[in-house]
Amino acid sequence: MANRPAAGPAEGRDSYLARGRGALPWLFSLDHKRIAVLYLAGVAVSFLAGLLLAVAFRSQLLHPSSSLMSPAVFARLFTLHGAMMVFLVLLPAIPAALGGFVVPLMLGAKNVALPRLNLAGFHLYLLGGALLAAAVITGGAGTGWDFLPPYSLTTQGSVALTVLGAVALCLSAVFSSVTLLVTIQTLRPRGMGWSQLPLFGPSTSSRPC
Numbered sequence: 092m093a094n095r096p097a098a099g100p101a102e103g104r105d106s107y108l109a110r111g112r113g114a115l116p117w118l119f120s121l122d123h124k125r126i127a128v129l130y131l132a133g134v135a136v137s138f139l140a141g142l143l144l145a146v147a148f149r150s151q152l153l154h155p156s157s158s159l160m161s162p163a164v165f166a167r168l169f170t171l172h173g174a175m176m177v178f179l180v181l182l183p184a185i186p187a188a189l190g191g192f193v194v195p196l197m198l199g200a201k202n203v204a205l206p207r208l209n210l211a212g213f214h215l216y217l218l219g220g221a222l223l224a225a226a227v228i229t230g231g232a233g234t235g236w237d238f239l240p241p242y243s244l245t246t247q248g249s250v251a252l253t254v255l256g257a258v259a260l261c262l263s264a265v266f267s268s269v270t271l272l273v274t275i276q277t278l279r280p281r282g283m284g285w286s287q288l289p290l291f292g293p294s295t296s297s298r299p300c
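Residue numbers (the numbering used here): 92 to 300.
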């Protein structure tokens with residue numbers, strides 16, 4: 092009986108998880124799968140942090156007469172929770188984390204149409220999260236996650252930093268959405284119009300352009 096040939100050193104080399112180990116190859120990779128995994132990790136961490144904040148201010152609501160936290164701290168935790176859940180979890184979860192991973196695979200494409208814009212969107216996501224963290228360190232904001240004036244213009248705290256973080260995260264979501272739309276438009280299978288597209292993209296059984 093012939094022996095089975097040993098696996099060569101190149102086996103598994105093309106895996107997006109095994110290609111280039113360390114933080115820098117991940118943070119500056121143009122591979123849509125790696126960027127989507129990074130988004131997913133950020134969404135998961137932000138969701139857990141927002142969940143802990145929700146437990147903290149809900150604990151105060153369970154015992155309103157307790158001195159667990161002051162009204163100012165409660166307002167800041169409530170604002171941070173809302174900002175994290177909306178801008179760090181909800182906005183990137185579908186187009187960036189899920190869509191960025193599966194759409195090129197559904198199209199049969201090797202990558203998204205705009206890989207550098209996709210990476211720039213993730214870096215803006217990191218910048219927005221860092222600005223929100225800096226706002227917390229410098230006093231936070233107690234305006235609510237929508238930052239509506241006139242209260243946001245008169246309240247104490249780092250409202251400007253919080254708003255800048257939200258703007259960076261919204262730009263990140265715009266970059267991810269544009270990347271997704273351009274990928275579907277330019278890499279979709281030949282003969283398939285917009286009215287024939289499923290929710291995310293066509294089946295891999297069709298031949299791409």
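Every residue, glycine too, gets a C-beta built ideally from N, C-alpha and C.
Where the alpha helix (DSSP H) containing residue i begins and where it ends
| i | result |
| --- | --- |
| Arg149 | 123-153 |
| Met197 | 191-198 |
| Val164 | 162-174 |
Coarse secondary structure for residue i, derived from DSSP in three states
| i | result |
| --- | --- |
| Gly248 | strand |
| Pro186 | helix |
| Pro280 | strand |
| Phe119 | coil |
| Pro206 | helix |
| Phe213 | helix |
| Leu44 | Since the first residue of the chain shown is 92 and the last is 300, residue 44 is not available in this structure. |
| Gly99 | Because the pLDDT at Gly99 is just 45, under 50, the model does not fix this residue reliably, and the value given afterwards should be weighed accordingly. In the structure shown, Gly99 sits in coil (DSSP, three-state: anything other than H, G, I, E or B). |
| Tyr107 | coil |
| Leu113 | The residue you asked about is not Leu; residue 113 is Gly in the sequence shown. Coil at Gly113, not helix or strand. |
Residue i to residue j span [Cα, whole Å]
| i | j | result |
| --- | --- | --- |
| Gly141 | Ala264 | 19 Å |
| Ser106 | Ala127 | 15 Å |
| Phe148 | Leu121 | 40 Å |
| Leu144 | Val180 | 14 Å |
| Ala211 | Leu153 | 42 Å |
| Ser249 | Ala232 | 5 Å |
| Ala225 | Leu171 | 12 Å |
| Gln287 | Lys124 | 26 Å |
| Phe119 | Ser268 | 20 Å |
| Tyr130 | Gln247 | 32 Å |
| Ser161 | Met283 | 58 Å |
| Ser157 | Ala166 | 16 Å |
Residues that DSSP places opposite residue i in a beta bridge
| i | result |
| --- | --- |
| Ala232 | Gly248 |
Cβ-based burial, residue i [other Cβ within 10 Å; buried from 16]
| i | result |
| --- | --- |
| Pro280 | buried |
| Ala241 | Checking the sequence, you will find Pro at residue 241 rather than Ala. By the neighbour-count rule (16 or more Cβ atoms within 10 Å), Pro241 is not buried but exposed. |
| Ala188 | buried |
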